[in-house]
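J.: Once you've had a glance at the structure underneath, I'll fire off some questions.
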Amino acid sequence: MTGPSNRLDPLGRLAGALVEDILATPGPELLAQSAEDYGDARALAAEFEKAIASLRKKFETADGAAGSSETDKGTEV
Amino acid sequence: MILFSESDLAGAERTKGAMPTEEEMAVASYSLAEALTAVKSLSDADRTALLKVARVYARTRKTKYDYQDLLHEAIARILEGKRNWPAGLPFVPFVSGVIRGIAWEWRTEAHNKPSSEPAVYEEGGVIARIDTQKLLALFDDDALARGIVIGMMEGARGEELRKSSGLSDTEYESKRRKIRRRIERQWLEEEQTDR
Numbered sequence: 001m002t003g004p005s006n007r008l009d010p011l012g013r014l015a016g017a018l019v020e021d022i023l024a025t026p027g028p029e030l031l032a033q034s035a036e037d038y039g040d041a042r043a044l045a046a047e048f049e050k051a052i053a054s055l056r057k058k059f060e061t062a063d064g065a066a067g068s069s070e071t072d073k074g075t076e077v
Numbered sequence: 078m079i080l081f082s083e084s085d086l087a088g089a090e091r092t093k094g095a096m097p098t099e100e101e102m103a104v105a106s107y108s109l110a111e112a113l114t115a116v117k118s119l120s121d122a123d124r125t126a127l128l129k130v131a132r133v134y135a136r137t138r139k140t141k142y143d144y145q146d147l148l149h150e151a152i153a154r155i156l157e158g159k160r161n162w163p164a165g166l167p168f169v170p171f172v173s174g175v176i177r178g179i180a181w182e183w184r185t186e187a188h189n190k191p192s193s194e195p196a197v198y199e200e201g202g203v204i205a206r207i208d209t210q211k212l213l214a215l216f217d218d219d220a221l222a223r224g225i226v227i228g229m230m231e232g233a234r235g236e237e238l239r240k241s242s243g244l245s246d247t248e249y250e251s252k253r254r255k256i257r258r259r260i261e262r263q264w265l266e267e268e269q270t271d272r
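So the protein lines, in turn, are chains S and L.
First residue of the first sequence: 1, per our numbering; consecutive thereafter.
First residue of the second sequence: 78, per our numbering; consecutive thereafter.
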């Protein structure tokens, strides 16, 4: 099989190493880096939320509807 | 069940998690409701990590999409059930893997599309070579860091790379972090210039 792991170019391999480092970095240090780069420790977390806001709304609404539907069923006698 | 991480956890704990229990092993993957709960429960540190991961793949894969698109698509595929979250795998590394797969897929799509533009990204291509040289030039003042970056580009990892650098574990970790930070700052500068 020729997937990403064994067909990577130099930049792809570098990406793997950088991601490894990100995932191994303690949370407080990541937030401190964000504060250093953007003047706000929550800047990137907020950007994340912004990027997926429409998805959250869509799936939370669906989840809520399913939940209330379950509740309705539960109260039916 | 190991669903979430806290911002005060060490990175290693965030990535490794604990051994799955027998109950977890019996389940092939978490449900969509559990995935939604995991998304909602991500800590600020987890969100920060995943945004950084998306940026790394968007910058190095050269798709026509940006890192916000990558992130959005990864979460969409997970919540729509197109990508199942395997039981026992912590959520953050799972999302990271999904982002990586999409970046590869989008890069491949761009690569396969017939294009009249000469600036197509490909292994060994002109743009890839320029990007590689630009990144290496960031470490012109630090031969050791440059050597480690070259090693990373050649696919060396962990202990192999540390040994060849001649650094102790702590020194190597520190150097690796400095390398990543310098690259991140360069990308940040470029993004601010582009705005």
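Ideal placement from N, C-alpha and C gives every residue a C-beta, glycine not left out.
Please state whether the Cβ-Cβ distance between Thr137 (chain L) and Gly12 (chain S) is less than 8 Å.
T.: Within the second sequence, numbered from 1, the residue matching residue 137 (chain L) stands at position 60. Within the first sequence, numbered from 1, the residue matching residue 12 (chain S) stands at position 12. Yes. Within cutoff.
J.: With a Cβ-Cβ cutoff of 8 Å, do Ile176 (chain L) and Leu148 (chain L) count as a contact?
T.: Taking the second sequence and counting its residues from 1, one reaches residue 176 (chain L) at position 99. Taking the second sequence and counting its residues from 1, one reaches residue 148 (chain L) at position 71. Cβ atoms of Ile176 (chain L) and Leu148 (chain L): closer than 8 Å.
J.: Determine the direct distance from the alpha carbon of Tyr144 (chain L) to that of Ala135 (chain L), and round the result to whole angstroms.
T.: Counting from one through the second sequence, the residue named residue 135 (chain L) turns up at place 58. Counting from one through the second sequence, the residue named residue 144 (chain L) turns up at place 67. Rounded to whole angstroms, Ala135 (chain L) to Tyr144 (chain L) spans 5 Å at the Cα level.
J.: Reducing DSSP to helix, strand and coil, say where Ser34 (chain S) ends up.
T.: Your numbering for residue 34 (chain S) matches position 34 in the first sequence. Three-state result, Ser34 (chain S): helix.
J.: Measure the C-alpha to C-alpha separation of Ala62 (chain S) and Val116 (chain L) and round it to an integer number of angstroms.
T.: For the purposes of this step, residue 62 (chain S) is identified with residue 62 of the first sequence, where counting begins at 1. For the purposes of this step, residue 116 (chain L) is identified with residue 39 of the second sequence, where counting begins at 1. Using only the alpha carbons, I get a separation of about 15 Å.
J.: Starting from the beta carbon of Ala121 (chain L), find every residue of chain S whose beta carbon is closer than 7 Å, and list them in chain order.
T.: Taking the second sequence and counting its residues from 1, the one referred to as residue 121 (chain L) is at position 44. According to the sequence as given, residue 121 (chain L) is Asp; it is not Ala. Within 7 Å Cβ-Cβ: Leu31, Arg42, Ala45.
J.: Could you tell me whether the Cβ of Tyr249 (chain L) comes closer than 8 Å to any Cβ of chain S?
T.: Against the second sequence, residue 249 (chain L) aligns to sequence position 172. No, its Cβ sits nowhere closer than 8 Å to a Cβ of chain S.
J.: Just mark Ile256 (chain L) as buried or exposed, buried being the case when its beta carbon has 16 or more other beta carbons within 10 Å.
T.: Translated into positions along the second sequence, residue 256 (chain L) becomes position 179. By the neighbour-count rule (16 or more Cβ atoms within 10 Å), Ile256 (chain L) is buried.
J.: Count the CB pairs spanning the region 263-271 of chain L and the region 236-244 of chain L that are closer than 8 Å, and state whether there are at least three.
T.: The region 263-271 of chain L, when compared against the region 236-244 of chain L, does not touch it at the 8 Å Cβ threshold.
J.: The alpha helix (DSSP H) with Arg160 (chain L) in it runs from where to where?
T.: In the second sequence, counting from the first residue as 1, residue 160 (chain L) sits at position 83. That residue, Arg160 (chain L), is in no alpha helix (DSSP H); it is neither H nor E in DSSP.
J.: When Cβ atoms are compared, which residues of the region 151-173 of chain L fall closer than 8 Å to chain S?
T.: Of all residues in the region 151-173 of chain L, Ile152, Ala153, Leu156, Val169, Pro170, Ser173 have a Cβ within less than 8 Å of some Cβ in chain S.
J.: Would the beta-carbon of Leu113 (chain L) fall within 8 Å of that of Leu156 (chain L)?
T.: For the purposes of this step, residue 113 (chain L) is identified with residue 36 of the second sequence, where counting begins at 1. For the purposes of this step, residue 156 (chain L) is identified with residue 79 of the second sequence, where counting begins at 1. Their beta carbons are under 8 Å apart, which means Leu113 (chain L) touches Leu156 (chain L) by this criterion.
J.: Near Leu44 (chain S), what residues of its chain come up, given a Cβ to Cβ distance below 6 Å and the 5 sequence neighbours on each side ignored?
T.: In the first sequence, residue 44 (chain S) corresponds to position 44, counting from 1. Closer than 6 Å at the Cβ level, and outside the excluded window around Leu44 (chain S), lie Ser34.
J.: Could you give the distance in angstroms between the alpha-carbon of Thr25 (chain S) and the alpha-carbon of Ser251 (chain L)?
T.: One-based indexing of the first sequence puts residue 25 (chain S) at position 25. One-based indexing of the second sequence puts residue 251 (chain L) at position 174. So the alpha carbons of these two residues sit roughly 11 Å apart.
J.: Rounded to the nearest angstrom, what separates Ser245 (chain L) and Arg254 (chain L) at their Cα positions?
T.: Taking the first residue of the second sequence as 1, we reach residue 245 (chain L) at position 168. Taking the first residue of the second sequence as 1, we reach residue 254 (chain L) at position 177. Cα-Cα distance, rounded: 14 Å.
J.: Can you have a look at Asp32 (chain S) and say buried or exposed, based on whether 16 or more other CB atoms are within 10 angstroms of its CB?
T.: Residue numbering aside, residue 32 (chain S) sits at position 32 when the first sequence is read from its first letter. According to the sequence displayed, residue 32 (chain S) carries Ala and not Asp. Result: exposed.
J.: Just tell me which of L:Lys141, L:Lys139, L:Thr140, L:Gly158 has its CA closest to the CA of Ala110 (chain L).
T.: As a first step, residue 110 (chain L) is located in the second sequence; it is residue number 33 there, counting from the start. Per the Cα distances, L:Gly158.
J.: Judging by CA-CA distance, which residue of L:Ala126, L:Ala105, L:Ser108 is the nearest neighbour of Pro28 (chain S)?
T.: Numbered from 1 along the first sequence, position 28 holds the residue referred to as residue 28 (chain S). Nearest option by C-alpha distance: L:Ala126.
J.: Flag Gly12 (chain S) as yes if its beta-carbon sits less than 8 Å from any beta-carbon of chain L, otherwise no.
T.: In the first sequence, residue 12 (chain S) corresponds to position 12, counting from 1. Cβ-Cβ to chain L under 8 Å: yes for Gly12 (chain S).
J.: Going straight from the alpha carbon of Ser120 (chain L) to that of Val133 (chain L), what length do you get?
T.: To locate residue 120 (chain L), count along the second sequence from 1; it is residue 43. To locate residue 133 (chain L), count along the second sequence from 1; it is residue 56. Cα to Cα, the separation comes out at about 20 Å.
J.: Does the beta carbon of Gly27 (chain S) come closer than 8 Å to any beta carbon on chain L?
T.: By 1-based counting over the first sequence, the position of residue 27 (chain S) is 27. Chain L, which has a Cβ nearer than 8 Å to the Cβ of Gly27 (chain S), makes this yes.
J.: Beta carbon of Ser106 (chain L), beta carbon of Ala164 (chain L): below 8 Å?
T.: On the second sequence, position 29 is the one that residue 106 (chain L) refers to. On the second sequence, position 87 is the one that residue 164 (chain L) refers to. It is a contact, given that the beta carbons lie within the stated cut-off.
J.: Taking Thr247 (chain L) as part of the alpha helix (DSSP H), name the residues at either end of that continuous run.
T.: Here the question's residue 247 (chain L) lines up with position 170 in the second sequence. Start and end: 246-271.
J.: Would you kindly work out how many angstroms separate the C-alpha atoms of Glu194 (chain L) and Ser108 (chain L), rounded to a whole number?
T.: If you number the second sequence from 1, residue 194 (chain L) lands on position 117. If you number the second sequence from 1, residue 108 (chain L) lands on position 31. Any reading at Glu194 (chain L) needs caution, since the residue's pLDDT is 46, under 50, leaving its predicted position unreliable; the model's value is listed next. So the alpha carbons of these two residues sit roughly 43 Å apart.
J.: Exposed or buried, Lys314 (chain L), counting other C-beta atoms within 10 Å across all chains shown (16 or more means buried)?
T.: The displayed coordinates of chain L run from 78 to 272. Any statement about residue 314 (chain L) would go beyond what the structure contains.
J.: Alpha carbon to alpha carbon, how far is Ala15 (chain S) from Lys139 (chain L)?
T.: Locating residue 15 (chain S) in the first sequence gives position 15, counting from the first residue. Locating residue 139 (chain L) in the second sequence gives position 62, counting from the first residue. If I take the Cα positions, the gap works out to 12 Å.
J.: Checking contacts by CB at 8 Å: is Gln263 (chain L) closer than that to chain S?
T.: Within the second sequence, residue 263 (chain L) is the residue found at index 186, counting from 1. Answer no: the Cβ-Cβ gap between Gln263 (chain L) and chain S never drops below 8 Å.
J.: Can you tell me whether Glu231 (chain L) is buried or exposed? The criterion is at least 16 other CB atoms within 10 Å of its CB, across all chains shown.
T.: On the second sequence, position 154 is the one that residue 231 (chain L) refers to. Exposed, because fewer than 16 other Cβ atoms sit within 10 Å of the Cβ of Glu231 (chain L).
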